[in-house]
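From first to last, the protein sequence lines are chains A and B. Start counting the first sequence at 1; every next residue gets the next number (this note's numbering). Start counting the second sequence at 1; every next residue gets the next number (this note's numbering). Think of the CB as a built atom: it goes at the ideal place given N, C-alpha and C, for glycine as much as any other residue. See below for the structure under consideration.
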Amino acid sequence: MKYRDDVITSLDTCIKCSACTAQCPVSKVNPNFGGPKWLGPDAERLRLESGAILKLALDDCSNCKTCESTCPSGVKITDMILKARRKRSLDQNTPTLALKMRLRGYVLGRAEYLGRLGVIWPGLTNKVLGLKIMRYGLDKALGISKFGPLPPYSQALGIRADQAKDGQNRKLERKVMYFPGCYTNYNEPNTGRMVIKILEHVGYKVVVPDFHCCGLPLEANGQFAKAQVNATHNLELMENYLQVNVPIITSCTSCGLTLKEEYPKVSVPGAERIGQQTFDLFEFLWSLHEKNELPLNFIKQEISLGYHLPCHLRAQGIGIPSLRVLSLIPGINVHNLDVGCCGLSGSYGFKKEKYEISMQIGRGLFEATKIGVNHGDFQEMITECGVCKVQIEHGAGVPTKHPVWILAQAYGLA
Amino acid sequence: MWDVVVIGGGLAGLLAGIRAAQRQKKVLLVTEGVGTLFFFSGIIDYGDVEQLRLLPGHPYQLFDQETINRGRKYMEQVCPDYIDTERSEAVLSPLGLLRSGDLVPKGMKLPNLLSVGSVVLLVPNGLKDFFPEIVVPNLTNVFKNGQIYVENLVVEEFQRWFELGRPITSVDYADYWRTQKGHKVLKQAIGKIKEKFSSRLENGEKSVVVVMPSLVTEYWENARRGKWVADFPLSVMEISSFSPSPHGRHLAEYLRHIFQDLGGEIVFGARAVRSELEPTENGYQRCKQLVVQSKGKELILKAEKYILATGGLLGGGIEAINEKREIREAVFDLPVFIPEEWSSPHFFEDQPYAFAGIMTDHQLCPINPLTREVVLENVYVVGRLLAHWDPWIQRCGAGVSITSGFVAGESV
Ligand SMILES: Cc1cc2nc3c(=O)[nH]c(=O)nc-3n(C[C@H](O)[C@H](O)[C@H](O)COP(=O)(O)OP(=O)(O)OC[C@H]3O[C@@H](n4cnc5c(N)ncnc54)[C@H](O)[C@@H]3O)c2cc1C
Ligand code: SF4
Ligand code: SF4
């Protein structure tokens, strides 16, 4: 009842201005998609009033949350969309997606298993995924676009056990728990290693338990029950640490958003603290700087960089702490492009029917990147999100990395 | 510790932030949404400044005429394609009526109306909230010596949208015209019109102009996708749009980029929820820190100065508690000036609620409406949130936001 009341209140705050739809990156390029206003507040009313669910259109939303950060009235649009998706997955009468699509949802949703598979034999998997014939097969069999920029796999990051055994000890040390997430774990473990190195450099012990996927790709691919199981598993691993105020650090913006936004809704111990104690890596480093605890002995870097703000960082409502931290390093010059979504949004752009759309969505970003490079403003891009990175490299052909690498250079760690 | 934290990313907040950042201040702008710029026609109204300055309490009374002019020049300097001719310009409203504007985008400026022979209204297929049957008679009144023709433009790209009954807004079309393909399609269409009318032109008829909704003919320097100026075989006049407005969105994006290029940072999707105060040496109060709701946690922001640009009832700066008809300022709980008529039975007649807002001293620091004492020394109030004005009837919406934003950006 409480939820219904909340929804009704936020429905009524919608002033039907269509600003959200004007900014929705999917709606701009996909005529079949009615856009956030229609799918969110408009449809929600319909859903509430008649119990009807606008079924298939729900899948077109890439969950980038641009609509929410646009809305002048604070309507929780994506909450409505996700809840409707969840409801649909429980609804017996819903026409089920074709087997192929469900199977694909299974594969893309399981970034983790795909990852584990990938790292057992990274070389082989990369070769296999790189093979045209294999991509053709994935395309035909699973609807995973043969053009989509599937990221390569390498040696997994692995876990780092806690040396201290009981909760008391944990309290005394300066310690953080790192949640690397699937992409870092399986596709860019070196970035994960560098995150750990930096955290150690600034004086923290780092624990990395055997986390499962945060659950966001599962949710996005309609696997809600599994997402819940993962969240519960991860929160169990965090619980003792959360109790003694150990910060949880993320370097992937989608994992960060999920931990901050979705985990507090899970009913297990620790969930009530997870929102407050989760920090994006640079958010954490900036908080150290505010307490005068961040080492500032940087090596000067003569470098110009382009920056892309990932949708899921924007949605966290913390600004851009990475640029704040990088601005402490002498010589660095960053061009914040601020042109919106890259189009990939998690696994969205890997789906066959979405590939074209995702490339169209990203067009503004690709153009802006190329213009910046041609003007000589910068030669390289930085962005916190792994899939944004993959998409920028694919769409604009400009090398892109996580900002942690720039910080590492300035500390002399890379 | 920031020099300045701006709360609210509408016109007033962005301009204040830009001015402060340009003055080498470290500025953070926190905003929940994009503000009313998406509804904004692109036409900047100042209203009859001299007359408005005579009204008791009107925000223009807080400034002298010279400061108001400087703010206006500043806006022109920030957005060079707004031309300030120091008098009002005639432009077309979304309904094709003549309306005046004080600073208008170049592409909206009308030629000498009496010199126009033929006016071709070019209507993109399925354009939402555009009503040719109303616009045409209105244009007939505007172009007294002209003949009005209507041309429909079917754009293949949007045919599917049209068939699906999916509304195509002027923002969608504006984006399309700006692509290479879209520009070509439009150029061709206008070329055809020129051909059609060439014999008349040769016969010595007065000029032919195209009038068109959904078009922004110029994207300014620093636009991330490059400066862009439409180039057509005939002169084309833009008509302003209802919400969502491509001109308003363009301005919003542009101001955001300017602000960020000056070193300002924007926190999107975060709401300032409350503040903590502390006493000052001379017995007043100041804001010590601001509490902002981000996803999952509250952030504490500390700054020397705070600019409050949260808009009115529409922007979220003033919250109405419906049943009791009580209203409060949402962040600092500042004392709100409420017109007496507020609770009268004629409540909605003259829209007295438009006059509700925060009263300030000449520095824009909030004061108590009864005692006139400054409430918070390091807080500056700008834009729609100010008391004693009505942007609709007085037609000075952007004017007040620009003036107050500029002044706050100068003084912080
Ligand atoms: C429909 C419409 C059409 C208009 N057309 C014209 C026109 O043609 N010509 C003209 O001159 N003027 C026009 N105006 C008026 C002019 O645009 C406004 O005066 C001006 O935009 C007001 O700007 P503002 O920055 O004060 O407030 P707003 O634009 O309302 O911005 C307020 C901002 O504060 C944010 N916010 C609110 N509360 C919080 C909080 N607690 N924490 C964080 N952020 C918060 C909001 O998300 C928003 O971004 C129009 C206004 C409207 C509504
Ligand atoms: S989350 Fe993104 S794709 Fe989904 S409706 Fe909102 S803006 Fe559109
Ligand atoms: S932006 Fe917000 S208020 Fe406007 S239509 Fe969308 S949900 Fe409604």
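Simplified DSSP state of residue i, which is helix, strand or coil
| i | result |
| --- | --- |
| R286(B) | strand |
| V207(A) | strand |
| L7(B) | It should be pointed out that residue 7(B) corresponds to Ile in this sequence rather than to Leu. Three-state result, I7(B): strand. |
| Q293(B) | strand |
| T360(B) | strand |
| D60(A) | helix |
| R174(A) | coil |
| S118(B) | strand |
| Y411(A) | coil |
| L288(A) | helix |
| A223(B) | coil |
| E281(B) | coil |
| V334(A) | strand |
| K2(A) | Caution is warranted here: a pLDDT of 46 is assigned to K2(A), below 50, making its placement in the model unreliable, and no coordinate value can be reported. |
| E272(A) | helix |
| E340(B) | helix |
Residue nearest to residue i in terms of C-alpha spacing, selected from the options
| i | options | result |
| --- | --- | --- |
| T217(B) | L201(B), L234(B), K288(B) | L234(B) |
| L201(B) | R256(B), V119(B), E276(B), A90(B) | V119(B) |
| I318(A) | P330(A), K260(A), V266(A) | K260(A) |
| S358(A) | W38(A), Q23(A), S62(A) | S62(A) |
| I300(B) | I307(B), G311(B), K288(B), T169(B) | K288(B) |
| C423(A) | A227(A), W38(A), H212(A) | The question about residue 423(A) has no answer here: the residues shown for chain A are numbered 1 through 414. |
| G263(B) | G117(B), K26(B), V5(B) | K26(B) |
| Q413(B) | N378(B), P167(B), F355(B) | The shown model of chain B, from 1 to 412, leaves out residue 413(B), and the question about it has no answer. |
| Q293(B) | E373(B), N112(B), A272(B) | A272(B) |
| L344(A) | A220(A), I159(A), K291(A), E262(A) | A220(A) |
| S175(A) | Y241(A), Q276(A), H289(A) | For the record, residue 175(A) in the displayed sequence is Lys; it is not Ser. The option with the nearest alpha carbon to K175(A) is Y241(A). |
| N496(B) | T371(B), T310(B), E156(B), V375(B) | Chain B is shown from 1 up to 412; residue 496(B) falls before or after that span and cannot be answered. |
| V267(B) | F33(A), G35(A), T70(A), S251(A) | T70(A) |
| N336(A) | G397(A), E380(A), N297(A), T253(A) | E380(A) |
| E253(B) | L37(B), W2(B), M1(B) | L37(B) |
| G158(A) | Y186(A), M177(A), E173(A) | Y186(A) |
CA-to-CA distance, residue j to residue i, given in whole angstroms
| i | j | result |
| --- | --- | --- |
| L290(B) | E276(B) | 6 Å |
| G222(A) | L334(B) | 46 Å |
| K109(B) | L294(A) | 54 Å |
| F378(A) | G306(A) | 6 Å |
| G74(A) | G33(B) | 7 Å |
| H212(A) | V4(B) | 41 Å |
| R160(B) | M359(B) | 52 Å |
| D5(A) | I338(B) | Any reading at D5(A) is ruled out, since the residue's pLDDT is 49, under 50, leaving its predicted position unreliable. |
| G397(B) | P366(B) | 20 Å |
| K226(A) | T232(A) | 10 Å |
| V387(A) | H308(A) | 12 Å |
| G395(A) | F366(A) | 6 Å |
| P264(A) | M75(B) | 45 Å |
| Q24(B) | Q394(B) | 35 Å |
| E356(A) | T66(A) | 20 Å |
| W392(B) | L288(A) | 48 Å |
| V398(A) | T369(A) | 8 Å |
Partner residues on chain B for residue i, Cβ-Cβ distance less than 7 Å
| i | result |
| --- | --- |
| I318(A) | V267, S294, L299 |
| T278(A) | G296 |
Contacts of residue i in chain B (Cβ-Cβ under 8 Å)
| i | result |
| --- | --- |
| E68(A) | G269 |
7 Å Cβ cut-off: residues of chain A touching residue i
| i | result |
| --- | --- |
| H418(B) | No answer is possible for residue 418(B): the residues shown for chain B start at 1 and end at 412. |
| F131(B) | In chain order: nothing, as chain A lies at least about 17 Å away. |
| V171(B) | A22 |
Chain-ordered chain A contacts of residue i [CB-CB under 9 Å]
| i | result |
| --- | --- |
| R499(B) | It is not possible to answer for residue 499(B), since the shown part of chain B is limited to 1 through 412. |
Proximal residues of chain A, C-beta to C-beta of residue i below 8 Å
| i | result |
| --- | --- |
| W161(B) | P31 |
| L231(B) | Reading off the sequence shown, one finds Asp at residue 231(B), where the question assumed Leu. None at all; the shortest Cβ gap to chain A is about 19 Å. |
| L28(B) | G319 |
Give a yes or no on contact between the stretch 394-412 of chain A and the stretch 19-26 of chain B, applying the rule of three or more CB pairs nearer than 8 Å.
no
Stretch-stretch touch, CB-based, cutoff 8 Å, three pairs: the stretch 321-329 of chain A with the stretch 20-32 of chain A
Contact between the stretch 321-329 of chain A and the stretch 20-32 of chain A is not established, with fewer than three Cβ pairs separated by less than 8 Å.
Check whether the stretch 234-249 of chain B touches the stretch 206-214 of chain B, counting contact only when three or more Cβ pairs, one atom from each stretch, lie closer than 8 Å.
yes
If we count Cβ pairs, one from each stretch, closer than 8 Å, do we get three or more for the stretch 179-198 of chain B versus the stretch 92-108 of chain B?
no
At a cut of 8 Å, does the stretch 197-207 of chain A reach the stretch 263-270 of chain A through at least three beta carbon pairs?
no
Across the stretch 57-73 of chain B and the stretch 398-410 of chain B, are there enough close Cβ pairs to call them in contact, namely three or more that are closer than 8 Å?
They touch, by the three-pair rule.
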